[in-house]
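Only one structure is covered here, and it is reproduced in the block below.
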Amino acid sequence: MPLHPQAEALRAQRLRSGAPPLYTLSLEQARAADLADIQAAAGAPEPVAVVEERDIPGPGGPLRLRLHRPHRDRPLPALVYFFGGGWTLGMLDTCDAICRRLANAADCVTVSVGYRLAPEHPFPAAVQDCVAATRWVADQAGELGIRADRLAVGGDSAGGNLAAAVTLALRGPDDPALRHQLLIYPNTQYGADTLSLREHDDPVQFNRRSVEWYWNHYLADPEHGSDPLASPLLADDLSGLPSATLVTAEYDPLRDEGEQYGQALRAAGVPVAARRWDGVPHGFFAMAGSLDAGGEAQRWAAGRLREAFADVPAAATSGVAR
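To convert, note that position 16 of the sequence shown is 16 in this note's numbering; the numbers rise steadily by one, no gaps.
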C-alpha cells in the first residue's frame, strides 16, 4: 500500500529540509543528526516514578545503564532494552522515550544499555556488553527491585539484532532464564539478499545503502558476518529460545529478514507473535509522537510483554496490521 499520509508528510518534510542521508555524513555528524531526528519524532517523554543510572563493570570498562521504574510498590518484571542505530549510532537517550512508555504500559522496569559502538568497538563488543548487562540485571535483581524470574530482552533495529544475539548467548544451565524477546524490525543476516532489501532504495528513508553502511562499520572482517551472534538467522539451532514478539514495517529494507527470523523461530518450536505495519518505514516504532502506528505498535508490544511476564501462554500469531 502507499505510504501512510503521516509517514508521507514526514518524508516530504525531510525532503524540503534537504537533510542528507546519515551515511553521507561523518560519524560525529551522523550521531548528532540521528539523535535529533529520533527525539523530534518520539513525542513528549512520559513521566515515570524513578529514573536511575548505574555504571557497572563491563567487558571493555564501565558500562552505563538507565533504569525506568513505573512505580515503587513492589518488585517488578524487567525488560533489558538495546537501542538502535546500526551498532554505530545511538545512546541511552535514543531509546529513552520508548523505555518510558514500555515501562508504564507493560508495568515493568526497563533497563537500557549504553553498549560500545562501532567502528571504534566492532563486533562482538556490543554483544559482549549486552550479555554482561543482562547477566548483571539478573544477578542484582533483588537489590534493584526486579523479579529475576521475569526477565525479557528487546530492542529496535540493531538493538533487535542484539536482543536476538543475547538469547542465543544465554542458553546455558547457569545463565539467566529469559522469558521473552521483543524484536523490533531486527537485522538478522549479514549479506541478506531479500526483496525488501532490493526494493527499498529511497534516499530520503532508511534504505539498503544505510544497511550496508552500518554493517561495514560493525564488522571488522566480513567473515564475522557468518557468526550467529552477528547474524542470528544463521544459527543452527533456535530451539528452546524464549517466546518472541516481532514487529516489522512494510517500507523497510530489513522487513523480510526479520520476518524470516520469525518463521525460523516458529519452525524451531518457539512461540512467536508477529505483526507487520503497512504504509510505514523503518524506525516507525520510535516515532510515536509523529506516527499513530508507532504508538499502536508500542502498545501492542507492551501487551505482549505483560502476557509473557504474567505466565499467560504466548499465542503464536502472524499477520499484517493496517
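Cβ atoms here follow ideal geometry from the backbone N, Cα and C, with glycine treated the same way. As the structure is a prediction and not an experimental result, all values here were calculated from the model.
Nearest-angstrom Cα separation, counted from Leu63 out to Asp55: Numbered from its first residue, the sequence shown carries residue 55 at position 55. Numbered from its first residue, the sequence shown carries residue 63 at position 63. Computed Cα separation, rounded: 5 Å.
Which residues DSSP lists as bridging Ile56, in chain order: Position 56 of the sequence shown, counting from 1, holds the residue named residue 56. Paired residue(s): Leu63.
Whole alpha helix (DSSP H) elements within the stretch 150-229, 4-residue minimum: 158-169, 195-199, 208-218
Reduced DSSP secondary structure (H/G/I, E/B, other) of Val131: One-based indexing of the sequence shown puts residue 131 at position 131. Helix, per DSSP.
Among Gln189, Val204, Leu178, the one whose alpha carbon lies nearest that of Arg16: Locating residue 16 in the sequence shown gives position 16, counting from the first residue. It is Val204 whose Cα lies nearest to the Cα of Arg16.
Trp279 versus Asp174: straight-line alpha-carbon distance, rounded: Within the sequence shown, numbered from 1, the residue matching residue 279 stands at position 279. Within the sequence shown, numbered from 1, the residue matching residue 174 stands at position 174. Per the sequence shown, residue 279 should be read as Gly rather than Trp. Distance between the alpha carbons of Gly279 and Asp174 is about 43 Å.
Ala316 in three-state terms, based on DSSP: As a first step, residue 316 is located in the sequence shown; it is residue number 316 there, counting from the start. A caution first: Ala316 carries a pLDDT of 46, below 50, which makes its placement in the model too unreliable to give a value.
For Gly279, three-class secondary structure by DSSP: Walking along the sequence shown from the start, residue 279 turns up at place 279. Gly279: strand per DSSP, three-state reduction.
Residues of its chain near Arg147, where Cβ-Cβ distance is below 7 Å and the 5 sequence neighbours each way are ignored: Here residue 147 is taken as the residue at index 147 of the sequence shown, counted from 1. The residues are Pro75, Leu76, Pro77, Ala141.
Cβ-Cβ distance between Val50 and Arg72 below 8 Å: As a first step, residue 50 is located in the sequence shown; it is residue number 50 there, counting from the start. As a first step, residue 72 is located in the sequence shown; it is residue number 72 there, counting from the start. Against a cut-off of 8 Å, the Cβ pair of Arg72 and Val50 comes out as a contact.
Reduced DSSP category for Ala49 - H, G, I as helix; E, B as strand; rest coil: The residue labelled residue 49 in the question sits at position 49 within the sequence shown. Coil, per DSSP.
DSSP-derived helix/strand/coil call for Leu92: Locating residue 92 in the sequence shown gives position 92, counting from the first residue. Helix.
Span of the alpha helix (DSSP H) around Glu120: Mapped onto the sequence shown, residue 120 falls at position 120. No alpha helix (DSSP H) contains Glu120, which DSSP labels as neither H nor E.
Contact set for Ala321: own chain, Cβ-Cβ below 6 Å, skip 5 residues either direction: Your numbering for residue 321 matches position 321 in the sequence shown. In this prediction, Ala321 has a pLDDT of 46, which is less than 50 and means its spatial position is unreliable; nothing more can be read from the coordinates.
Residue span of the beta strand (DSSP E) that contains Ala249, given as start and end: Your numbering for residue 249 matches position 249 in the sequence shown. Run containing Ala249: 243-251, per the beta strand (DSSP E) assignment.
Trp213 versus Tyr23 - alpha carbon distance: Along the sequence shown, one-based indexing puts residue 213 at 213. Along the sequence shown, one-based indexing puts residue 23 at 23. Rounded to whole angstroms, Trp213 to Tyr23 spans 6 Å at the Cα level.
Beta-carbon proximity of Thr245 to Glu259, cut-off 8 Å: Here the question's residue 245 lines up with position 245 in the sequence shown. Here the question's residue 259 lines up with position 259 in the sequence shown. No; because the gap between Cβ atoms is not below 8 Å, this pair is not in contact.
Pro242 versus Val131 - alpha carbon distance: One-based indexing of the sequence shown puts residue 242 at position 242. One-based indexing of the sequence shown puts residue 131 at position 131. Cα to Cα, the separation comes out at about 15 Å.
For Pro20, the nearest candidate out of His4, Pro5, Asp37 (CA to CA): The sequence position of residue 20 within the sequence shown is 20, counting from 1. Nearest of His4, Pro5, Asp37 to Pro20, Cα basis: Asp37.
Neighbour-count burial assignment, Gln29, 16 or more Cβ in a 10 Å radius: For the purposes of this step, residue 29 is taken as residue 29 along the sequence shown, with counting starting at 1. Flag for Gln29 reads exposed.
Neighbourhood of Gly159 by C-beta distance below 6 Å, restricted to the same chain and skipping five residues each side: For the purposes of this step, residue 159 is taken as residue 159 along the sequence shown, with counting starting at 1. The residues are Phe82, Phe83, Gly84.
Leu79 and Leu182 closer than 8 Å at C-beta: For this step, residue 79 is matched to residue 79 along the sequence shown. For this step, residue 182 is matched to residue 182 along the sequence shown. Contact flag set, yes.
Leu35, enclosing alpha helix (DSSP H) - first and last residue: Counting from 1 along the sequence shown, the entry for residue 35 is found at position 35. Counted as a single uninterrupted DSSP element, the alpha helix (DSSP H) harbouring Leu35 occupies residues 27-42.
Close beta carbons around Phe123, own chain, < 8 Å, minus the five adjacent residues each side: On the sequence shown, residue 123 is found 123 positions in, with the first residue counted as 1. Here the set comprises Trp87, Tyr218, Leu219, Ala220, His224, Asp227, Leu229, Ala230.
Bridge partner(s) assigned by DSSP for His68: Residue mapping note: residue 68 aligns to position 68 of the sequence shown, counting from 1. DSSP lists Val51, Thr110 as partners of His68.
DSSP-derived helix/strand/coil call for Val270: As a first step, residue 270 must be located in the sequence shown, where it is residue number 270. Correct three-state label for Val270: coil.
Extent of the continuous alpha helix (DSSP H) to which Pro5 belongs: Locating residue 5 in the sequence shown gives position 5, where the first residue counts as 1. It spans 5-17 - the alpha helix (DSSP H) in which Pro5 sits, taken as one unbroken run.
Outcome for Leu195 when other beta-carbon atoms lying within 10 angstroms are tallied against a minimum of 16: For the purposes of this step, residue 195 is taken as the residue at position 195 of the sequence shown. Exposed, by the Cβ-count rule.
Endpoints, the beta strand (DSSP E) within which Ala78 is located: As a first step, residue 78 must be located in the sequence shown, where it is residue number 78. From DSSP, the beta strand (DSSP E) with Ala78 extends over 76-82.
Closest by C-alpha distance to Arg150, when choosing among Val137, Gln128, Leu117: Here residue 150 corresponds to residue number 150 of the sequence shown, with the count starting at 1. The shortest C-alpha separation from Arg150 is found at Val137.
His282 versus Ala165 - alpha carbon distance: Here the question's residue 282 lines up with position 282 in the sequence shown. Here the question's residue 165 lines up with position 165 in the sequence shown. Cα to Cα, His282 sits roughly 20 Å from Ala165.
Whole-Å CB distance - Gly90 paired with Asp34, under 8 Å assumed: Here residue 90 refers to the residue found at position 90 when the sequence shown is read from its first residue. Here residue 34 refers to the residue found at position 34 when the sequence shown is read from its first residue. About 7 Å; that satisfies the 8 Å criterion.
Among Gly294, Pro232, Gly303, Leu305, the one whose alpha carbon lies nearest that of His4: As a first step, residue 4 must be located in the sequence shown, where it is residue number 4. Comparing Cα-Cα distances from His4 to each of Gly294, Pro232, Gly303, Leu305, the minimum goes to Gly294.
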